[in-house]
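*Asks:*
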Amino acid sequence: MYNPKIMEILQNPQNAGMLRGANAIGRADSEICSDIVKFYLLIENGKVVDAKFKTFGGATLIAVCSTTAKMIVGMTVDELINFNINEVLNELGEIAPQKDYCLNLASLALTNAVDDYYKRLEKEANNKE
Amino acid sequence: MNKIYLDNASTTPLSSEVLNEMMPYLTSDFGNPNSLHSFGRQAKAGVDLARERIAKALGCDANEIYFTSGATESNNWALNGIAKANRHKGNHIITSKIEHPSILETCKKLEREGFRVTYLDVDETGLVRIDQLLHYVNADTILISIMAANNEVGTIQNLQAIASIAKEKNVIFHTDATQAVGAINLNVHEMGIDAMSISGHKLNGPKGVGALYVHNGVVISPFMNGGEQEFGLRAGTSNVPAIVGLGKAVEIATRDIIVNSKKLRGLRDYFIAQVGKYIPMTHLNGHPVQRLPNNVNLSFGMVEGESLMYMLDLAGIAVSTGSACSSGSIENSHVLTAMGVSPDLAQGAVRFSFGKNITKEELDFVVEKLIECVEKLRKISAMSKSQVGKEDE
Chain A
24 MYNPKIMEIL
34 QNPQNAGMLR
44 GANAIGRADS
54 EICSDIVKFY
64 LLIENGKVVD
74 AKFKTFGGAT
84 LIAVCSTTAK
94 MIVGMTVDEL
104 INFNINEVLN
114 ELGEIAPQKD
124 YCLNLASLAL
134 TNAVDDYYKR
144 LEKEANNKE
Chain B
78 MNKIYLDNAS
88 TTPLSSEVLN
98 EMMPYLTSDF
108 GNPNSLHSFG
118 RQAKAGVDLA
128 RERIAKALGC
138 DANEIYFTSG
148 ATESNNWALN
158 GIAKANRHKG
168 NHIITSKIEH
178 PSILETCKKL
188 EREGFRVTYL
198 DVDETGLVRI
208 DQLLHYVNAD
218 TILISIMAAN
228 NEVGTIQNLQ
238 AIASIAKEKN
248 VIFHTDATQA
258 VGAINLNVHE
268 MGIDAMSISG
278 HKLNGPKGVG
288 ALYVHNGVVI
298 SPFMNGGEQE
308 FGLRAGTSNV
318 PAIVGLGKAV
328 EIATRDIIVN
338 SKKLRGLRDY
348 FIAQVGKYIP
358 MTHLNGHPVQ
368 RLPNNVNLSF
378 GMVEGESLMY
388 MLDLAGIAVS
398 TGSACSSGSI
408 ENSHVLTAMG
418 VSPDLAQGAV
428 RFSFGKNITK
438 EELDFVVEKL
448 IECVEKLRKI
458 SAMSKSQVGK
468 EDE
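Pasting the structure below:
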């Protein structure tokens, strides 16, 4: 399935690359192929102030990650936890059914980023004690 | 935007010389070659000429050429037809792990019907392990089917050696020469090839037509029943314009083989050198020398093939990628996997297959765009340099 929106993002992905100072980093590796997703989030005062991504994957995965990173900027951590990855499709339009796994991979990487954030908070708290 | 088509291993444009040859049979000379009247005789003359042209180009007799709908049909027919007609002699077939699906799937079907099939390994360059062939061939072996040149990585097999082994062991040897006709010299009688599949649209000929060469004396069961066409073995009204086109395309491909091969080999090696010079972590898949003159198959470390293919497409350059990740399964190339290419590099493999009219200037443009696209994708790659080419991370 050819989705022009995906091709547009592929040419000029937003929120792509490393984010210096990120304090919530999550990675997800596909169990069936070599695809990888990494999210780098900067969370300040309980809010995502910046988000970037890196991937090893096809055009759909790049588009899903770029759209996700854009959408989550401005969300509170609670909103991020409750974020339904399928909302990405409202921006992106339809994706090929065999590319559904891209949503799961991005969602897992986000969950891992939130985990990382709480682990860092816990570590910080322990250090203060 | 000027478009550059580098997917000629998938299909090629119809040459004007071929189209001119076909035109009368699409218009005025529309007869059924089986009809006895003048219209029929005219159409039959076209089919006969095509058969003679192909026989001359391949070094065989005209009555050894059977027209089909393409190489997939030729491969299906060769394996099914030869295996079943020779079952009284044995039950064992030998093929390789890097064959086209039309061979591999037919072998699986034959296995379900009780045949025993050995799938030979290949080395890291894609060459079939001749030592394994010698080891596995036995008195029960009735058929060896090894492709002449691989469609993905372009590796050219040691056909002469395989044919000699088959002859010595009294086994029928079939080769899928879909990619090889017009690229390497194939004189089937001289080389001792017993059956060979060819396709029209890979040679600047029409789609939907191919041929199967079967050496006189090799017994093969019919592919389709219900007519006397193709010496009673492949029934159905002949696709006359396409057959005429195939005949002309094969004639041109073999006529121009020296000039085209020399030119393409030079441009192929230039392209590989340029890419290697400007793009680090480039891996050439397939044999460095013993490969089709128009085939370059590359993996770029940290870069996924499908996204690179689409980025090049957006720049007007058509290439192909053999691997894609999809829900529930990875469709990694069975060829690259058999060659031992790591999963990430296999998923990153991109095939550039040149047409005979490709120019150096066009390839320079492709290199330029390739540098840009690879750089862009590496910037956002989640894979680190140290991960590239590792079996499991």
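These protein sequence lines are chains A and B, in that order. Residues 24 to 152, numbered by my numbering, are exactly what the first sequence covers, in order. Residues 78 to 470, numbered by my numbering, are exactly what the second sequence covers, in order. All residues carry an ideal CB built from backbone N, CA and C; glycine is no exception. The structure displayed is predicted, hence computed values, not measured ones.
For residue 94/A, which residues in chain B fall below 8 Å Cβ to Cβ?
*Replies:* For the purposes of this step, residue 94/A is taken as residue 71 along the first sequence, with counting starting at 1. Within 8 Å Cβ-Cβ: nothing; residue 94/A doesn't reach chain B, min ~18 Å.
*Asks:* What is the rounded straight-line gap between the Cα of residue 112/A and the Cα of residue 441/B?
*Replies:* Stepping through the first sequence from its first residue, residue 112/A is reached at position 89. Stepping through the second sequence from its first residue, residue 441/B is reached at position 364. Computed Cα separation, rounded: 38 Å.
*Asks:* Can you tell which of 280/B, 244/B, 133/B and 264/B has the C-alpha that lies nearest to the C-alpha of residue 371/B?
*Replies:* In the second sequence, residue 371/B corresponds to position 294, counting from 1. Comparing Cα-Cα distances from residue 371/B to each of 280/B, 244/B, 133/B and 264/B, the minimum goes to 280/B.
*Asks:* Return the CA-CA distance between residue 357/B and residue 276/B, expressed in angstroms with no decimal places.
*Replies:* Taking the second sequence and counting its residues from 1, the one referred to as residue 357/B is at position 280. Taking the second sequence and counting its residues from 1, the one referred to as residue 276/B is at position 199. Taking the straight line joining both Cα atoms gives about 37 Å.
*Asks:* For residue 331/B and residue 158/B, what's the separation of their Cα atoms in angstroms?
*Replies:* What you label residue 331/B is simply residue 254 of the second sequence in a count that begins at 1. What you label residue 158/B is simply residue 81 of the second sequence in a count that begins at 1. So the alpha carbons of these two residues sit roughly 28 Å apart.
*Asks:* What are the uninterrupted segments assigned as beta strand (DSSP E) that are 3 or more residues long and contained completely in the region 153 to 212 of chain B, given in chain order?
*Replies:* The qualifying runs are 169 to 173 and 193 to 197.
*Asks:* Residues of chain B with a CB under 7 Å from the CB of residue 45/A: which are they?
*Replies:* The residue labelled residue 45/A in the question sits at position 22 within the first sequence. Those within 7 Å of residue 45/A in chain B number zero; the least Cβ separation is about 14 Å.
*Asks:* Can you pull the chain B neighbours of residue 27/A, defined as C-beta to C-beta under 7 Å?
*Replies:* Locating residue 27/A in the first sequence gives position 4, counting from the first residue. By Cβ distance, chain B contributes nothing, its closest Cβ being about 10 Å from residue 27/A, past 7 Å.
*Asks:* Can you tell me the Cα-Cα spacing of residue 233/B and residue 110/A, whole angstroms?
*Replies:* Sequence index remark: in the second sequence, residue 233/B carries index 156 (1-based). Sequence index remark: in the first sequence, residue 110/A carries index 87 (1-based). Computed Cα separation, rounded: 49 Å.
*Asks:* Going by other Cβ atoms of all chains shown within 10 Å of its Cβ, with 16 needed for buried, is residue 37/A buried or exposed?
*Replies:* Residue mapping note: residue 37/A aligns to position 14 of the first sequence, counting from 1. Result: exposed.
*Asks:* Quick check on residue 80/A - is its C-beta less than 8 Å from some C-beta in chain B?
*Replies:* Reading the first sequence from its first residue, position 57 is the one you call residue 80/A. Interface residue, yes.
*Asks:* How many angstroms separate the CA atom of residue 116/B from the CA atom of residue 122/B?
*Replies:* For the purposes of this step, residue 116/B is taken as residue 39 along the second sequence, with counting starting at 1. For the purposes of this step, residue 122/B is taken as residue 45 along the second sequence, with counting starting at 1. If you take the alpha carbons of residue 116/B and residue 122/B, they lie about 10 Å apart.
*Asks:* According to the Cβ coordinates, are residue 249/B and residue 220/B closer than 8 Å?
*Replies:* In the second sequence, residue 249/B corresponds to position 172, counting from 1. In the second sequence, residue 220/B corresponds to position 143, counting from 1. Yes, Cβ-Cβ distance for residue 249/B and residue 220/B is below 8 Å.
*Asks:* Roughly how many whole angstroms lie between the Cα atoms of residue 152/B and residue 162/B?
*Replies:* Residue 152/B sits at position 75 when you count from the first residue of the second sequence. Residue 162/B sits at position 85 when you count from the first residue of the second sequence. One C-alpha to the other measures close to 15 Å.
*Asks:* Are residue 235/B and residue 204/B close, meaning C-beta to C-beta below 8 Å?
*Replies:* One-based indexing of the second sequence puts residue 235/B at position 158. One-based indexing of the second sequence puts residue 204/B at position 127. For residue 235/B and residue 204/B, yes; Cβs fall inside 8 Å.
*Asks:* Can you find a C-beta in chain A that's less than 8 Å from the C-beta of residue 469/B?
*Replies:* Position 392 of the second sequence, counting from 1, holds the residue named residue 469/B. Residue confidence for residue 469/B is low, a pLDDT of 44 falling below 50, so the modelled location carries little weight and cannot support an answer.
*Asks:* Compare the C-beta of residue 30/A with all C-beta atoms of chain B and state if any pair is closer than 8 Å.
*Replies:* Reading the first sequence from its first residue, position 7 is the one you call residue 30/A. Yes, because at least one Cβ of chain B sits closer than 8 Å to the Cβ of residue 30/A.
*Asks:* Between the region 81 to 98 of chain B and the region 306 to 326 of chain B, do at least 3 Cβ pairs fall closer than 8 Å?
*Replies:* Taking 8 Å as the limit for Cβ pairs, the verdict is that the region 306 to 326 of chain B does touch the region 81 to 98 of chain B.
*Asks:* From residue 89/A to residue 104/B, what distance separates their C-alpha atoms?
*Replies:* Within the first sequence, the letter at position 66 stands for residue 89/A. Within the second sequence, the letter at position 27 stands for residue 104/B. Residue 89/A and residue 104/B: Cα-Cα distance of roughly 54 Å.
*Asks:* Between which two residues does the alpha helix (DSSP H) holding residue 347/B run?
*Replies:* On the second sequence, residue 347/B is found 270 positions in, with the first residue counted as 1. Here the alpha helix (DSSP H) through residue 347/B covers 334 to 355.
*Asks:* On the premise that residue 379/B lies in contact with residue 458/B, defined as a C-beta separation below 8 Å, what is that separation, rounded to the nearest angstrom?
*Replies:* In the second sequence, residue 458/B corresponds to position 381, counting from 1. In the second sequence, residue 379/B corresponds to position 302, counting from 1. 4 Å between Cβ atoms; contact.
*Asks:* Tell me where the alpha helix (DSSP H) around residue 117/B begins and ends.
*Replies:* Start at 1 with the first residue of the second sequence, and residue 117/B comes out as number 40. First-last of the alpha helix (DSSP H) with residue 117/B: 115 to 135.
*Asks:* Residues of chain B with CB closer than 9 Å to the CB of residue 33/A, please, in chain order.
*Replies:* Position 10 of the first sequence, counted from the start, is the residue given in the question as residue 33/A. Result: 384, 387, 388 and 391.
*Asks:* Looking at the structure shown, is residue 309/B part of a helix, part of a strand, or coil, going by DSSP?
*Replies:* For the purposes of this step, residue 309/B is taken as the residue at position 232 of the second sequence. Note: residue 309/B maps to helix in three-state DSSP.
*Asks:* For residue 265/B, which option in 302/B, 142/B and 313/B has the closest C-alpha, if you only look at C-alpha atoms?
*Replies:* On the second sequence, position 188 is the one that residue 265/B refers to. Residue 142/B is the option with its Cα nearest to residue 265/B.
*Asks:* At a cut of 8 Å, does the region 100 to 109 of chain A reach the region 133 to 149 of chain A through at least three beta carbon pairs?
*Replies:* The region 100 to 109 of chain A is in contact with the region 133 to 149 of chain A.
*Asks:* Is the Cβ-Cβ distance between residue 386/B and residue 376/B less than 8 Å?
*Replies:* Taking the second sequence and counting its residues from 1, the one referred to as residue 386/B is at position 309. Taking the second sequence and counting its residues from 1, the one referred to as residue 376/B is at position 299. Going by C-beta atoms, residue 386/B is not nearer than 8 Å to residue 376/B.
*Asks:* For residue 82/B, list the residues DSSP reports as bridge partners.
*Replies:* Counting from 1 along the second sequence, the entry for residue 82/B is found at position 5. DSSP output for residue 82/B lists 395/B as bridge partner(s).
*Asks:* Would you tell me roughly how many angstroms separate the C-alpha atoms of residue 64/A and residue 26/A, rounded to the nearest one?
*Replies:* Indexing the first sequence from 1 puts residue 64/A at position 41. Indexing the first sequence from 1 puts residue 26/A at position 3. When rounded, the distance between both Cα atoms is 28 Å.
*Asks:* From this set, 270/B, 245/B, 429/B and 190/B, which residue's C-alpha is nearest residue 222/B's C-alpha?
*Replies:* The residue labelled residue 222/B in the question sits at position 145 within the second sequence. Comparing Cα positions, the closest option is 270/B.
*Asks:* On the criterion of 16 or more Cβ atoms from any shown chain inside 10 Å, does residue 335/B qualify as buried, or is it exposed?
*Replies:* The residue labelled residue 335/B in the question sits at position 258 within the second sequence. Exposed.
*Asks:* For chain A, find out if any of its Cβ atoms is closer than 8 Å to the Cβ of residue 376/B; answer yes or no.
*Replies:* Working through the second sequence from its first residue, we reach residue 376/B at position 299. No, its Cβ sits nowhere closer than 8 Å to a Cβ of chain A.
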